[in-house]
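S.K.: So the protein sequences, as listed, match chains A and B. Quick note on numbering: the first sequence equals residues 0 to 235 in numbering that gives the first Met the number 0. Quick note on numbering: the second sequence equals residues 0 to 456 in numbering that gives the first Met the number 0. I have a structure I would like to understand better, so I am pasting it below and will then ask my questions one at a time.
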Amino acid sequence: MVTLTAPETTTPTATIDLADSPVRDLNQALHEATDGQSWTVANPGGKHSLAVGIDADISVAINGHAGYYAAGMHKTGTVTISGNAGVGLAENIMSGTVHVKGDVSQSAAATGHGGLVVIDGNAGARCGISMKGVDIVVGGNIGHMSAFMAQAGRLVVCGDAGEALGDSIYEARIYVKGTVASLGADCIEKPMNIEHLKELEGLLAAAGRTDNPADFKRYGSARNLYHFSVHNSASY
Amino acid sequence: MTITSLPQDSVLPAGGIPAQHTEELGLRESATFDRATIADIQRAAATGVYDIRGWGAKRTVPHFDDLLFLGASMSRYPLEGYREKCDTDVVLGDRHASRPLHLQTPVTIAGMSFGALSANAKEALGRGASEVGTSTTTGDGGMTPEERGQSKHLVYQYLPSRYGMNPDDLRKADAIEIVLGQGAKPGGGGMLLGQKITERVAGMRTLPVGIDQRSASRHPDWTGPDDLEIKIGELREITDWKTPIYVKIGASRPYYDTALAVKAGADVVVVDGMQGGTAATQQVFIENVGIPTLAAIPQAVQALQELGLHRKVQLIVSGGIRTGADVAKAMALGADAVAIGTAALIALGDNDPRYAAEYAALGSAAGFYDDFQDGRDPAGITTQDPELSSRLDPVAGGRRLANYLRVLTMEAQTIARACGKSHLHNLEPEDLVALTIEASAMARVPLAGTNWIPGAK
């Protein structure tokens, strides 16, 4: 059993080895952490609920693969995963940054209210489902039903998007560089104005990417399903 | 529903027949096409959309009224009504959580959202519940400061929509209720029509003002009991294993759902029968999906008993609780606590006859008003209209609710003492008989005067 000691202000980084310590010890230590600290997680082994509920401006490096809900309900600071992540990465993120260097499973950044989620690889189905203000930048492709009921925030896809993109979308904005297999109900392509190019440029820069904003197309809500109408019954 | 073509005595067409004369004339109403059914067809034909309304199932179903208690007699001693103690407290969530709730009465307030209800109504619920030492519950739309401030014990609902969900409120909650469904609509998501999506409600839900909001029926980041176990693990990690976690299900397959909720790690299982209320749901859904509360309780209790966790994982039952007798019957069948929603709103002033003229103007009547989705509630409860909301004084409303909760508790104690029980939890199925074969089969207690339980092995 490794002794868990919070990092001294003089020591730059504390390490928790999950080969020796339970996830409970990791999260308890992170909840007691103070602003400015750096933590490293060794041997994460795909365990669930790693670094969830962070409430201090700290940086956490997870060196390996994470299971479900990594960085769930993240509120401040940075979590970097040098590996892949499972279902529900950064679910309900409020602010701060979560960066995954590999691929992620479905429901990435689900219901996120704010902050930035960067995925260098691909994301599975339902990426950005019910997003409420989070910004998501995916370097690769995203799966089907992504941005389902997306309410607010921006989803940037540098690869291709799967079936039914943006189904029942509200006011979120989607930018896709590659192909879109199909659009979901009430989601349409929209013109790229200067405002959108600048917004996209900023998002790509924040994610450390060099893609050209002019190569993307924008998608959003046609706003036809915002009110119940007997004439819309075929759309549901 | 709102009656678009008024059928009878409220407004008489020229030369119409007063309702009270229909029988004298020998007119026969169809049991199949009764007046409410005819009005439904006429409304559908006129509008082209289904009826959306509040309240729970209005149809007749076997209920607590079909059960009776066997008071103490030769073989059992009753307790003295005003001298001997009959405790009512309940601990909820001590299976895994380090800070379980300890309530003074087993009657809790069910989840109802700010949005569906006015801020004053939510505050009144918090005040009333806190006064008697019980809990209140948030809803689809997040936690308001009014509600947190006035609620001693606040249960924070974790819903598929996750409107307003945030880790700060999660950490402030006294318990977390993961909602899979509700009795009025097992398998259905939330609904809030544009009239109630004001700027404040829209802001809390991150939605455009004035749209018809349909929230999701499935959680966005987990599917099935194996995922739920991991999700519960995440919520426990975020709250450092302090906060009790409930799982709420709408009663449809309560035996399996209870067992799976327990397996997934729930501290408390909440089972809501089909009479449980809603703020806005399709009438066809309310009346035709789900099973009665009476049928759900024994199935949930059986699941807990077979797992050896009855009384260790607590069971909260809701859906049609009105009196202390209902509370006592639910507990005798094995519930640890109950929750009230519709009855709590009535205690606050919902469907009060003093608003008779205004209900009539809306095409309804006191005792019938269920258009909670419309936001025009004369009692100021199911509305976001500032003028209507201001009619409900949260202090006075809270006092009425506290009175009502005390009556429910004292009524339940009265029955428990008569059955010789020193705590409401000591009530048991052996204290009950059924009046009808249907209730006997569902509640699994004998038909009165017999030893017969239909379907019992």
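Quick reminder that beta carbons are idealized off the backbone N, C-alpha and C, glycines included. Source: prediction; values computed, not measured.
For chain A, check one thing: does any of its Cβ atoms lie closer than 9 Å to the Cβ of B/A215?
M.R.: yes
S.K.: From the DSSP output, in three-state form, read off A/M191 for me.
M.R.: coil
S.K.: Can you give, in chain order, each stretch of the beta strand (DSSP E) that sits fully within the segment 168–198 of chain B and has at least 3 residues?
M.R.: Within the segment 168–198 of chain B, the complete beta strand (DSSP E) runs of at least 3 residues are 174–178.
S.K.: Under 9 Å Cβ-Cβ, which residues of chain B neighbour A/E170?
M.R.: T205, L206, P207
S.K.: Taking the runs of the alpha helix (DSSP H) that are 4 residues or longer, which of them lie wholly in the segment 14–88 of chain A?
M.R.: Runs of the alpha helix (DSSP H) lying entirely within the segment 14–88 of chain A and spanning at least 4 residues, in chain order: 22–30.
S.K.: Assuming contact is defined by CB atoms lying nearer than 9 Å, are A/G152 and A/Y218 in contact in what I supplied?
M.R.: no
S.K.: What distance in whole Å lies between the Cβ atoms of B/T238 and B/L169, which are believed to be in contact at a cut-off of 8 Å?
M.R.: 6 Å
S.K.: Could you check where the alpha helix (DSSP H) with B/T205 kicks off and where it finishes?
M.R.: Per DSSP, B/T205 belongs to no alpha helix (DSSP H) and is neither H nor E.
S.K.: What does A/E90 reach in chain B if we use C-beta pairs closer than 7 Å?
M.R.: D220
S.K.: For the segment 142–162 of chain B, which residues have a beta carbon sitting closer than 9 Å to at least one beta carbon of chain A?
M.R.: P159, S160, R161, Y162
S.K.: Which one of B/S97, B/L400, B/I452, B/L431 has the shortest CA to CA distance from B/K328?
M.R.: B/L431
S.K.: Of the residues that make up the segment 191–221 of chain A, which ones have a beta carbon closer than 9 Å to any beta carbon in chain B?
M.R.: Answer set for the segment 191–221 of chain A: empty.
S.K.: What is the rounded straight-line gap between the Cα of B/E176 and the Cα of B/I210?
M.R.: The alpha-carbon atoms of B/E176 and B/I210 are separated by roughly 27 Å.
S.K.: Helix, strand or coil: how does DSSP classify A/A209 here?
M.R.: For the sequence presented, residue 209 of chain A should be read as Thr rather than Ala. For A/T209, the three-state secondary structure derived from DSSP is coil.
S.K.: Would B/K486 be called buried (16 or more neighbouring beta carbons within 10 Å of its own) or exposed?
M.R.: This structure does not reach residue 486 of chain B, given that chain B is present from 0 up to 456, and the question cannot be answered.
S.K.: The ligand FAD and B/Q383: does the residue's C-beta get closer than 8 Å to at least one heavy atom of that ligand?
M.R.: Only the bare structure without any ligand can be found here, which leaves the ligand FAD out of the picture.
S.K.: Quick one, are the C-beta atoms of B/G53 and B/Q274 less than 9 Å apart?
M.R.: no
S.K.: Using 10 angstroms around the beta-carbon of B/Q212, count the other beta-carbons present and answer buried if the total reaches 16, otherwise exposed.
M.R.: Here B/Q212 is buried: its Cβ has 16 or more other Cβ atoms, across all protein chains shown, within 10 Å.
S.K.: Have a look at A/G95 and A/G71 and give me their C-alpha separation to the nearest angstrom.
M.R.: Rounded to whole angstroms, A/G95 to A/G71 spans 12 Å at the Cα level.
S.K.: For A/I193, is the classification buried or exposed, using 16 other Cβ atoms within 10 angstroms of its Cβ as the cut-off for buried?
M.R.: exposed
S.K.: Go ahead and label A/L202 buried or exposed: buried means 16 or more other beta carbons lie within 10 angstroms of its beta carbon, across all protein chains shown.
M.R.: buried
S.K.: What in chain B is Cβ-close to A/Q27, meaning under 8 Å?
M.R.: D239
S.K.: With 9 Å as the threshold, decide whether the Cβ of B/Q7 is near any Cβ in chain A.
M.R.: Here B/Q7 scores only 47 on pLDDT, less than 50, and its place in the model should not be relied on; the value that follows carries that caveat. Under the Cβ distance rule, B/Q7 does not count among the residues neighbouring chain A, no pair being separated by less than 9 Å.
S.K.: If I'm right that A/N42 touches A/A18 with Cβ under 8 Å, what's the distance once you round it to whole angstroms?
M.R.: Cβ atoms of A/N42 and A/A18 come within 8 Å of each other, at about 4 Å.
S.K.: Hey, does A/D134 have any beta-carbon neighbour from chain B nearer than 9 Å?
M.R.: At a cut-off of 9 Å between C-beta atoms, A/D134 does not count as an interface residue with respect to chain B.
S.K.: If we define contact as Cβ-Cβ less than 9 Å, is A/T234 a contact residue for chain B?
M.R.: Looking at the sequence itself, residue 234 of chain A is Ser, so the reference to Thr does not match. No, A/S234 does not count as interfacial toward chain B.
S.K.: Could you tell me which of B/A71, B/G276, B/Y255 sits nearest to B/V268, measuring between CA atoms?
M.R.: Closest option to B/V268, Cα to Cα, is B/Y255.
S.K.: Are the Cβ atoms of B/P428 and B/A342 separated by less than 9 Å?
M.R.: no
S.K.: Just verifying my parser: in three-state terms, what is the DSSP assignment at B/P6?
M.R.: Below a pLDDT of 50, predicted positions are generally treated as unreliable, and B/P6, at 46, falls in that range; the measurement from the model is reported next regardless. Three-state result, B/P6: coil.
S.K.: Could you say which of B/L347, B/A346, B/A324, B/D349 lies nearest to B/V337 if we only look at CA atoms?
M.R.: B/A324
S.K.: DSSP three-state label for B/I231, please.
M.R.: helix
S.K.: In the DSSP output, what is B/T135 paired with across the bridge?
M.R.: B/L153
S.K.: Please tell me whether B/A183 and B/G132 are closer than 9 Å, where the distance is taken between their beta carbons.
M.R.: no
S.K.: Just confirm the distance between the C-beta atoms of A/S129 and B/A215, as a whole number of angstroms; I'd bet it's less than 8 Å.
M.R.: 7 Å
S.K.: Specify, as a first and last residue, the run of the beta strand (DSSP E) that B/K420 falls within.
M.R.: Premise fails: B/K420 is in no beta strand (DSSP E) and is neither H nor E.
S.K.: Among residues of its own chain, excluding the 5 on either side of A/A122, which ones have a beta-carbon nearer than 6 Å to its beta-carbon?
M.R.: V103, A107, V137, I141
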